[in-house]
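From first to last, the protein sequence lines stand for chains B and D.
Just remember that the numbering used here sits 1051 ahead of the position in the first sequence, which is counted from 1.
Just remember that the numbering used here sits 4 ahead of the position in the second sequence, which is counted from 1.
For every residue, glycine included, the Cβ atom is placed at its ideal position computed from N, Cα and C.
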Amino acid sequence: MEAIEVSHLVKQFGSLTAVNDISFSVAVGETFGFLGPNGAGKTTTIRILTGISPPTSGTATIFGHDIVRETVAARQSMGIVSETSNVYTDLTGWQNMMFSAQLYRVGRSERDKNATELLKRFELYERRDDHVHGFSKGMRRRLTLAMGLVNSPRLLFLDEPTSGLDVQSNLIIRDVISDLIQRGVTVFLTTHNIEEANVLCDRVAIIDKGLIAAIDAPEQLKKTIQSVQSIEVSFDSSSPTRLGELRRIPMVNEARKEGDKFRLFTEDPSEVIDGVMAYAHSRNTRVISITTLGPSLEDVFVKLTGLQRTGGGVTAID
Amino acid sequence: MGLQDRLSRELVAAWAIAKKDVAIYYLRPGTIVGGVLFPLFMFLAFSAGKLAAPSALIPGLIGITTLFSASSIEPVSIPIERRTDTFDRLLSAPISLNALVLGESLSGFLYSVGIASIVFVAALLILRTPLVSIVPLVLGILLSSFVFATMGTLFAAYPTESPGDIISMVNLVRFPLIFISGVFIPLASLPPIGQMIAFISPLTYANDLIDSAYTGITHFNPFVDVAMLLVFILIFQFVANQLYKRFND
């Protein structure tokens, strides 16, 4: 039995098809990344899988329970951490934990034990009796995650768990997620942080315009676009015209400045390395470091979703 | 999962939702204005121009108190929870929509029973309002509180994040109900069309039941009043359930 089994799922809002006949499965204990640009259908899919919104057609089962016909049974084994930190700011941290546990009917002794452990784990125990409106953004996020785990779920839905957080919260949350993965909890992760998915996920699905563009292990996906290789190079001096000059080296398809380094995309790394060395020699500058890089998961994402790179990241094409 | 276990799970969750609402929303300005001050001012407005003693208006005051206070929590709490996304937490919990609607209504019910009890005790101690029988009064307060709390939850199904939108809609129903339900204008004095409309108002039966506790006289049979209030609870619960299902789509 799979943890999640999705078959020909469709969701329409009037004339808009938000999810268009998608099918996939997530094995028990697997960490599954669900990536896509804004408006691709990620949140709609999560709302269907958690039983908040019914599909227009198709089926989804959670540990064998149909999410439409056996909603309560399907939800009982889930923990849900939504994109926003949906905690009750007028309640204390402890009251939030207790409320979440009662909704999942966690017994009193287990409730107290789990809440204590989780609040300690998320470094919130000392503030457990404080009202949440005094919590920072990172603390609220950590509390949201703690509330999602209070029923010891077998399947955890994580929607953008670390988006826009401080370093401390980020580290704590990633540490907890890694621990859950080690303990065999199935994790369904949506994130804009592609490197996070690359590090954490066994497999990722890339959804775009309601359709699944690709679904595989991160390394397998990278192999599909081996043509997108790159050279990372840094020089001992800077020049305002350097980026434009590097773009003119033969076989360079694209060049980007990344901090004190330049990244040159090419299908022929050795040819470009020769070109870079010749360029450095002609400009009387020294190459401090030069590295050949394979395609990243972000490269796969960009290629499959048709996004365009800008200076520091990617932008959707309207 | 057996039926008993399922029922127990639903009731525990409903009670948890109610307790959460009690902790968060009872002292909100919108709740106090809608649930306490409105019925008080309505009572003062009607009693000021009447020759009848204030004590004679107590049954009506208890009736409109239950109407306003019971239906004042959810129109405030649910839109706020939509805005903060905490409502999704309830929608994704392992409980049925019936339990969610019940839990939301419970907090309005408790609030209304508390406020109506204060009115009753104050009338007894200050105005020395005589009471013929306490049973119809208790039944009247409990059932009408539940009817109007469920009505508030029903209106709050409308998918908005602004409490003002829901309160405006609820007031469109609450204010006319006062005038067609025999609270301040006796049913016998209403024109035939008014009397027909009164039959479809839950406040008519609530007021009749509460009034009988003070006067010993009923327009309908008290059993009819109780039965009609139970029917209204079931109808409102069913419609609220359907609306939440529809608006979540």
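Proximity below 7 Å, CB of Ile214(D) to CB of Gly198(D): Between Ile214(D) and Gly198(D), the gap from beta carbon to beta carbon reaches 7 Å or more.
Members of the segment 80-103 of chain D near chain B, C-beta cut-off 7 Å: Taking 7 Å as the Cβ-Cβ cut-off against chain B, the residues of the segment 80-103 of chain D that qualify are Thr88, Asp89, Thr90, Asp92, Arg93, Leu95, Ser96, Ala97, Pro98, Ile99 and Ser100.
Whether Pro79(D) touches Phe203(D) by CB criterion (7 Å): No, Cβ-Cβ distance for Pro79(D) and Phe203(D) is not below 7 Å.
DSSP bridge partner residues for Arg1314(B) (one or two, in chain order): According to DSSP, Arg1314(B) bridges with Glu1283(B) and Arg1307(B).
Neighbour list for Ala17(D) in chain B, Cβ cutoff strictly below 8 Å: Those are Gln1153, Leu1154 and Arg1156, listed as they occur along chain B.
Chain D contact for Ser1104(B) (CB, 7 Å cutoff): Interface residue, yes.
Simplified DSSP state of Gly1102(B), which is helix, strand or coil: Gly1102(B): coil per DSSP, three-state reduction.
Secondary structure of Val1327(B), DSSP reduced to three states: In the structure shown, the three-state DSSP call for Val1327(B) is helix.
Distance, Val177(D) Cα to Gly64(D) Cα: For Gly64(D) and Val177(D), the distance between alpha carbons rounds to 17 Å.
Ser1108(B) and Val1183(B) closer than 7 Å at C-beta: No, the pair does not count as a contact, with Cβ atoms beyond the cut-off.
Under 8 Å (Cβ pairs) to chain B, residues found in the segment 165-180 of chain D: Listed in sequence order: no entries.
Which of helix, strand or coil DSSP assigns to Ala1069(B): In the structure shown, Ala1069(B) falls within a strand segment according to DSSP collapsed to helix, strand and coil.
Within 9 Å of chain C by C-beta, residues of the segment 20-33 of chain D in sequence order: Given the protein chain composition of this structure (B and D), no chain C is represented.
Three or more C-beta pairs below 8 Å linking the segment 107-126 of chain D and the segment 73-88 of chain D: The segment 107-126 of chain D vs the segment 73-88 of chain D: in contact.
Proximal residues, the segment 1172-1186 of chain B versus chain D, C-beta separation under 7 Å: Per Cβ criterion, the list is empty.
is_contact[Val1061(B), chain D] using C-beta, thresh 7 Å: By this cut-off, Val1061(B) is not an interface position.
Residues within the segment 1131-1143 of chain B neighbouring chain D, beta-carbon criterion of under 9 Å: Answer in chain order: Ile1131, Ser1133, Glu1134, Thr1135, Ser1136, Asn1137, Val1138, Tyr1139, Thr1140, Asp1141 and Leu1142.
C-beta contact flag for Phe1114(B) and Ser1128(B) at 7 Å: One thing to note: Phe1114(B) has its Cβ within 7 Å of the Cβ of Ser1128(B).
C-beta neighbour in chain D for Val1077(B), strict 7 Å: Among the residues facing chain D, Val1077(B) is not included, as its CB has no counterpart in that chain under 7 Å away.
Residue burial classification, Asp1311(B) (beta-carbon count within 10 angstroms, cutoff 16): Per the 10 Å Cβ criterion, exposed.
Contacting residues, own chain, Cβ-Cβ under 8 Å from Thr1094(B) (five flanking each side not counted): So the qualifying residues of the chain are Glu1134, Asp1210 and Thr1241.
Residues in the segment 220-252 of chain D having any Cβ partner in chain B nearer than 9 Å: Hits within the stretch, in order: Lys249 and Asn252.
Residue from Arg1156(B), Gln1146(B) and Trp1145(B) whose Cα sits closest to the Cα of Ala97(D): Comparing alpha carbon positions, the residue from Arg1156(B), Gln1146(B) and Trp1145(B) closest to Ala97(D) is Arg1156(B).
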